[in-house]
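Heads up: the protein sequence lines correspond to chains A and B, in order. Our numbering applies: residue 2 is where the first sequence begins, and numbers increase by one. Our numbering applies: residue 2 is where the second sequence begins, and numbers increase by one. In this text, a Cβ means the ideal position worked out from N, Cα and C, and glycines have one as well. This one's a predicted model, so the numbers in the text were calculated from it and none came from an experiment.
Protein chains: 2
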Amino acid sequence: MNAFSPPPRLLMGPGPSNVAPEVLAALARPTIGHLDPGFIKLMELIKHQLRLAFRTENRVTFPLSAPASLAMEMALVTLLERGDTAIIAQNGVFGGRMAEIAKRAGAEVRLVSCEWGKPVDPEAVRAAIRDTRNAKLLAFVHAETSTGARSDAATLCGLAREAGMLSVVDTVTGLGGIPVFVDEWQADAVYSGTQKCLSAPPGLAPITFSEAAVAAAESRKTPIQSWFLDLTLMLGYWDGEGGRSYHHTAPVNALYGLNESLSRLLAEGLETAWARHRTAHEHLAERLEALGFAFVVDREHRLPQLNAVWVPEGVEDAPARRRLLEEFGIEIGGGLGPLAGRIWRIGLMGETCRMENVEHLADAIGTILPSAKRAG
Amino acid sequence: MNAFSPPPRLLMGPGPSNVAPEVLAALARPTIGHLDPGFIKLMELIKHQLRLAFRTENRVTFPLSAPASLAMEMALVTLLERGDTAIIAQNGVFGGRMAEIAKRAGAEVRLVSCEWGKPVDPEAVRAAIRDTRNAKLLAFVHAETSTGARSDAATLCGLAREAGMLSVVDTVTGLGGIPVFVDEWQADAVYSGTQKCLSAPPGLAPITFSEAAVAAAESRKTPIQSWFLDLTLMLGYWDGEGGRSYHHTAPVNALYGLNESLSRLLAEGLETAWARHRTAHEHLAERLEALGFAFVVDREHRLPQLNAVWVPEGVEDAPARRRLLEEFGIEIGGGLGPLAGRIWRIGLMGETCRMENVEHLADAIGTILPSAKRAG
Numbered sequence: 002m003n004a005f006s007p008p009p010r011l012l013m014g015p016g017p018s019n020v021a022p023e024v025l026a027a028l029a030r031p032t033i034g035h036l037d038p039g040f041i042k043l044m045e046l047i048k049h050q051l052r053l054a055f056r057t058e059n060r061v062t063f064p065l066s067a068p069a070s071l072a073m074e075m076a077l078v079t080l081l082e083r084g085d086t087a088i089i090a091q092n093g094v095f096g097g098r099m100a101e102i103a104k105r106a107g108a109e110v111r112l113v114s115c116e117w118g119k120p121v122d123p124e125a126v127r128a129a130i131r132d133t134r135n136a137k138l139l140a141f142v143h144a145e146t147s148t149g150a151r152s153d154a155a156t157l158c159g160l161a162r163e164a165g166m167l168s169v170v171d172t173v174t175g176l177g178g179i180p181v182f183v184d185e186w187q188a189d190a191v192y193s194g195t196q197k198c199l200s201a202p203p204g205l206a207p208i209t210f211s212e213a214a215v216a217a218a219e220s221r222k223t224p225i226q227s228w229f230l231d232l233t234l235m236l237g238y239w240d241g242e243g244g245r246s247y248h249h250t251a252p253v254n255a256l257y258g259l260n261e262s263l264s265r266l267l268a269e270g271l272e273t274a275w276a277r278h279r280t281a282h283e284h285l286a287e288r289l290e291a292l293g294f295a296f297v298v299d300r301e302h303r304l305p306q307l308n309a310v311w312v313p314e315g316v317e318d319a320p321a322r323r324r325l326l327e328e329f330g331i332e333i334g335g336g337l338g339p340l341a342g343r344i345w346r347i348g349l350m351g352e353t354c355r356m357e358n359v360e361h362l363a364d365a366i367g368t369i370l371p372s373a374k375r376a377g
Numbered sequence: 002m003n004a005f006s007p008p009p010r011l012l013m014g015p016g017p018s019n020v021a022p023e024v025l026a027a028l029a030r031p032t033i034g035h036l037d038p039g040f041i042k043l044m045e046l047i048k049h050q051l052r053l054a055f056r057t058e059n060r061v062t063f064p065l066s067a068p069a070s071l072a073m074e075m076a077l078v079t080l081l082e083r084g085d086t087a088i089i090a091q092n093g094v095f096g097g098r099m100a101e102i103a104k105r106a107g108a109e110v111r112l113v114s115c116e117w118g119k120p121v122d123p124e125a126v127r128a129a130i131r132d133t134r135n136a137k138l139l140a141f142v143h144a145e146t147s148t149g150a151r152s153d154a155a156t157l158c159g160l161a162r163e164a165g166m167l168s169v170v171d172t173v174t175g176l177g178g179i180p181v182f183v184d185e186w187q188a189d190a191v192y193s194g195t196q197k198c199l200s201a202p203p204g205l206a207p208i209t210f211s212e213a214a215v216a217a218a219e220s221r222k223t224p225i226q227s228w229f230l231d232l233t234l235m236l237g238y239w240d241g242e243g244g245r246s247y248h249h250t251a252p253v254n255a256l257y258g259l260n261e262s263l264s265r266l267l268a269e270g271l272e273t274a275w276a277r278h279r280t281a282h283e284h285l286a287e288r289l290e291a292l293g294f295a296f297v298v299d300r301e302h303r304l305p306q307l308n309a310v311w312v313p314e315g316v317e318d319a320p321a322r323r324r325l326l327e328e329f330g331i332e333i334g335g336g337l338g339p340l341a342g343r344i345w346r347i348g349l350m351g352e353t354c355r356m357e358n359v360e361h362l363a364d365a366i367g368t369i370l371p372s373a374k375r376a377g
């Protein structure tokens, strides 16, 4: 059987983003044991790097050995017990997923429905908090990957705190691309993914819990429904004082890659990386607007790393994206849920976020647009 | 920050096992999108390879994007609803973990406690089935990694089937090292890991469900407690007829590695791989017995790939293993649970399972044993 040879791709969709050769090379280092003293040093280093990236001093900060969807589930099932009430803001696919997870965990969900493509509305959240008795937490998506909208995490976490509630923040697409300030926000559970602005391959999910969240997990009346996601058990491995105990076998090689990608991000500097995303986004917006595209999200609430634009009239979504892939080797994303077929999602995440990629994509889109549009 | 450089290790513990250079190289191929047509072809190929490895024609056969502990959880939470009864055999750590997961899912657990180091006792299971009304499934560990005991999966699955129950089989350490015959056993949910006899890095978990198991999942009265593990949603990605829908972002590079490791195993041939494990085990047993070691498990029930031996009198567990690691670069495993400090677990899994590794380990152990033992 011939070895699989991936086609050459420029990854400009909603993730995965391009992975640097140094990170790919790190993946291929020899596997060692997940309890090897050498590996435990690496674990400590990765925890340290993640604290820097999340801008937090949270002791409990580590990479979950699974995709970010499971980190979402971990945050919610750790903090919610059967019968608890959660206020969950939805302004896209991922807020809806949060609500679904909370319901399956037996929580009552008070859904705050916001318009897709807009940030979560703090006034609507405030009203929901006022009208809901004994809600335990507020959950929302900071960087909504399905629409490209950025919500005001500081304000929303503040509303939760004032009401004595915990906060859960999804910043899967945020971390590394825009400011994330876990401690300044006083957020209680925040998670991300590796395949967006961190530019490591998909498969791991950085997550961090405040001491209040850890205390809530430790004082539950009922066990966490998932053995795998039980924070108190998992910390025996990721945070064992005086020795690590076996919980599951950590994905050693994937963690080599994450370590390398975090080293690159921190060497560049978070502020520099944020500025790089902003600048590339502005240039992409100029080029796309010149081609007649309109953005889904208002300028001030846009995620620079996730550019959602309306598919122009006269352009067929799937065939156009297929041409970009087949003729130019460029992957961009389509819409999800009610936006399927109506928008394109163009990622400028991490390694992908370079001026030459912006130019290459804009040139390619210009080529495939019907000439009427090009003239417009 | 300097790149992490793993120390040179011969991995002879309970996993991970050594990973072939070809598999490491596969990990480092450029990341592509998880919905890329090229990647979808790879998904189909991996499903095909896993069916061959599991000896099954089950349509629903795929690699879960998480460690094997989560595959255990997936098998159980898919088939159990709150209030269902499960008969779970325990003859080591992992049977106990199954029971814990089933309880957290709200099931009543009838535990069949068997002696550690022995296979699951079919008579005890038969009695439990007779005495338990309306049990929905029988779960057991085929290859108990904590003791090195192999249970009789064909007989146990047969007992479940005769009683109209579903069967859940843990063969994390089994697949690729000893015969696994999912269809012949008529097992309903069977899962494994990548870091044992498949010799891919840890992080993925091959899993397969019979049509009866899929039907049970589809006819549940309540939703599966976990959104991430909901088989019916996950199949939209892994098995979507007429197009794949987004569920989570698959760990693309880890799947490159699994594909390569499965290609190697299937090129060697399963029977040849099983024989290789048997032969290496026999040689290891000879060498260790000559050094005065006694095996935990009777000859006929031993897993060739996981050799549990009693730590000889006069030998301190942790310092001796540390010497093997530091002076010889060899990792072996200690005991878990009640066997901690009392046994060593020596893995001969996948790539590690080579005669020269057996010799190297036996020589090293001979060197570090106190001279009294060496003479004995």
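Interface residues of chain A around H249(B) at Cβ under 7 angstroms?
-> Working through the second sequence from its first residue, we reach residue 249(B) at position 248. Correct list: P68, S70.
Answer yes or no: does any C-beta atom of chain A fall closer than 9 angstroms to that of Y257(B)?
-> What you label residue 257(B) is simply residue 256 of the second sequence in a count that begins at 1. Yes, Y257(B) counts as interfacial toward chain A.
Taking the alpha carbon of R279(B) as the point to measure from, which residue in S220(B), G241(B), R355(B) has its own alpha carbon closest?
-> Start at 1 with the first residue of the second sequence, and residue 279(B) comes out as number 278. Nearest of S220(B), G241(B), R355(B) to R279(B), Cα basis: R355(B).
First through last residue of the alpha helix (DSSP H) which encompasses F55(B) | To locate residue 55(B), count along the second sequence from 1; it is residue 54. It spans 38-55 - the alpha helix (DSSP H) in which F55(B) sits, taken as one unbroken run.
Given that L43(B) touches chain A, what residues does it touch there, using C-beta distances under 7 angstroms?
-> Here residue 43(B) refers to the residue found at position 42 when the second sequence is read from its first residue. Within chain A, the C-beta atoms nearer than 7 angstroms to that of L43(B) come from F5, in chain order.
Just the C-alpha distance for T156(B) and Q226(A), rounded to the nearest angstrom, thanks.
-> For this step, residue 156(B) is matched to residue 155 along the second sequence. For this step, residue 226(A) is matched to residue 225 along the first sequence. Rounded to the nearest angstrom, the two C-alpha atoms are 32 angstroms apart.
State yes or no: is the beta carbon of A376(B) nearer than 9 angstroms to at least one beta carbon in chain A?
-> Position 375 of the second sequence, counting from 1, holds the residue named residue 376(B). Since pLDDT at A376(B) reaches only 45, below the 50 mark, its modelled position is unreliable, and the value read off the structure follows with that caveat. No, A376(B) lies away from the interface with chain A (no Cβ there is under 9 angstroms from its Cβ).
How many Å lie between A140(A) and R162(A) at the Cα?
-> For the purposes of this step, residue 140(A) is identified with residue 139 of the first sequence, where counting begins at 1. For the purposes of this step, residue 162(A) is identified with residue 161 of the first sequence, where counting begins at 1. Looking at the two C-alpha atoms, the distance is approximately 12 angstroms.
Which of helix, strand or coil does DSSP assign to A67(A)?
-> As a position in the first sequence, residue 67(A) is number 66, starting the count at 1. Assignment of A67(A) by DSSP, reduced to helix, strand and coil, places it in the coil class.
Give the residues of chain B in contact with Q196(A), contact being defined as C-beta atoms less than 7 angstroms apart.
-> Residue numbering aside, residue 196(A) sits at position 195 when the first sequence is read from its first letter. Listed along the chain, the chain B residues whose CB falls inside 7 angstroms of the CB of Q196(A) are T250.
Start and end residues, alpha helix (DSSP H) containing P320(A) = In the first sequence, counting from the first residue as 1, residue 320(A) sits at position 319. Looking at the DSSP string, the run of the alpha helix (DSSP H) that includes P320(A) is 318-329.
Interface residues of chain B around D122(A) at Cβ under 8 angstroms?
-> Your numbering for residue 122(A) matches position 121 in the first sequence. Correct list: empty, because the minimum Cβ distance to chain B is about 25 angstroms.
Go through the stretch 62-146 of chain B residue by residue and report every complete run of the beta strand (DSSP E) that reaches 3 residues or more, in order.
-> 86-91, 109-114, 136-142
Verify the CB distance criterion: does A32(B) have a CB-CB separation below 9 angstroms to chain A?
-> Taking the second sequence and counting its residues from 1, the one referred to as residue 32(B) is at position 31. Just to set this straight, residue 32(B) is Thr in the shown sequence, not Ala. True, the Cβ-Cβ gap to chain A drops below 9 angstroms.
Alpha-carbon to alpha-carbon, A255(B) and P9(A) = What you label residue 9(A) is simply residue 8 of the first sequence in a count that begins at 1. What you label residue 255(B) is simply residue 254 of the second sequence in a count that begins at 1. Rounded to whole angstroms, P9(A) to A255(B) spans 18 angstroms at the Cα level.
Just the C-alpha distance for V78(A) and V169(A), rounded to the nearest angstrom, thanks.
-> For the purposes of this step, residue 78(A) is taken as residue 77 along the first sequence, with counting starting at 1. For the purposes of this step, residue 169(A) is taken as residue 168 along the first sequence, with counting starting at 1. So the two alpha carbons sit approximately 11 angstroms from each other.
Kindly indicate if chain B contains any beta-carbon less than 9 angstroms away from that of N135(A).
-> Translated into the one-based positions of the first sequence, residue 135(A) becomes position 134. With respect to chain B, the C-beta atom of N135(A) has no partner C-beta closer than 9 angstroms.
Nearest-angstrom Cα distance between N135(A) and A128(A)?
-> Position 134 of the first sequence, counted from the start, is the residue given in the question as residue 135(A). Position 127 of the first sequence, counted from the start, is the residue given in the question as residue 128(A). Approximately 14 angstroms between the Cα atoms of the pair.
Return the first residue and the last residue of the alpha helix (DSSP H) that G258(A) is part of.
-> One-based indexing of the first sequence puts residue 258(A) at position 257. Here the alpha helix (DSSP H) through G258(A) covers 253-269.
Separation of W275(A) from M44(A), as counted between CA atoms = Translated into positions along the first sequence, residue 44(A) becomes position 43. Translated into positions along the first sequence, residue 275(A) becomes position 274. C-alpha separation (whole angstroms): 26 angstroms.
Say whether chain A places a C-beta atom closer than 9 angstroms to the C-beta of Q226(B).
-> As a first step, residue 226(B) is located in the second sequence; it is residue number 225 there, counting from the start. Closer than 9 angstroms to some Cβ of chain A, the Cβ of Q226(B) qualifies, so yes.
Rounded to whole angstroms, what's the CA-CA distance from Q91(A) to N308(A)? Just pull it up for me.
-> The residue given as residue 91(A) occupies position 90 in the first sequence. The residue given as residue 308(A) occupies position 307 in the first sequence. Taking C-alpha positions only, Q91(A) is separated from N308(A) by approximately 19 angstroms.
Closest by C-alpha distance to L271(A), when choosing among A190(A), I179(A), G335(A) | Here residue 271(A) is taken as the residue at index 270 of the first sequence, counted from 1. It is I179(A) whose Cα lies nearest to the Cα of L271(A).
9 angstroms Cβ cut-off: residues of chain A touching F452(B) = Past the edges of chain B, shown from 2 to 377, lies residue 452(B), and the structure says nothing about it.
At a Cβ threshold of 9 angstroms, is D153(B) touching chain A?
-> In the second sequence, counting from the first residue as 1, residue 153(B) sits at position 152. It does not: the Cβ of D153(B) has no partner Cβ on chain A nearer than 9 angstroms.
Span of the alpha helix (DSSP H) holding P22(B)?
-> By one-based count along the second sequence, residue 22(B) stands at place 21. Its alpha helix (DSSP H) spans residues 22-28.
Report the residues of the stretch 84-101 of chain A with a CB closer than 9 angstroms to any CB of chain B, ordered along the chain.
-> V94, R98, E101
State the beta-bridge partners of R60(B) as determined by DSSP.
-> Residue 60(B) sits at position 59 when you count from the first residue of the second sequence. Answer is none; R60(B) lacks a bridge partner.
Got a sec? Which residues, its chain only, sit under 7 angstroms from T250(A) by beta carbon, not counting five neighbours each side?
-> Position 249 of the first sequence, counted from the start, is the residue given in the question as residue 250(A). Closer than 7 angstroms at the Cβ level, and outside the excluded window around T250(A), lie H35.
Alpha carbon to alpha carbon, what distance is there between L370(B) and S211(A)?
-> Sequence index remark: in the first sequence, residue 211(A) carries index 210 (1-based). Sequence index remark: in the second sequence, residue 370(B) carries index 369 (1-based). Near 47 angstroms, if we compare the C-alpha coordinates of L370(B) and S211(A).
Going along the stretch 103-132 of chain A in order, which residues come within less than 9 angstroms of chain B, judged by CB to CB distance?
-> K104, R105, A106, G107
Within chain B, the residues that N254(A) reaches when beta carbons sit closer than 7 angstroms = One-based indexing of the first sequence puts residue 254(A) at position 253. Going along chain B in sequence order, the residues near N254(A) (Cβ under 7 angstroms) are L28, P202.
What do you reckon, are the CB atoms on M75(A) and Y192(A) nearer than 9 angstroms?
-> Start at 1 with the first residue of the first sequence, and residue 75(A) comes out as number 74. Start at 1 with the first residue of the first sequence, and residue 192(A) comes out as number 191. Contact: yes.
Identify whether A341(A) lies in helix, strand or coil by the three-state DSSP scheme.
-> Start at 1 with the first residue of the first sequence, and residue 341(A) comes out as number 340. Coil at A341(A), not helix or strand.
Hey, how far is the Cα of E328(B) from the Cα of G14(B)?
-> Start at 1 with the first residue of the second sequence, and residue 328(B) comes out as number 327. Start at 1 with the first residue of the second sequence, and residue 14(B) comes out as number 13. Each residue's CA atom was taken as its position, placing E328(B) and G14(B) some 16 angstroms apart.
What are the start and end residues of the beta strand (DSSP E) that includes T250(B)?
-> Counting from 1 along the second sequence, the entry for residue 250(B) is found at position 249. Premise fails: T250(B) is in no beta strand (DSSP E) and is neither H nor E.
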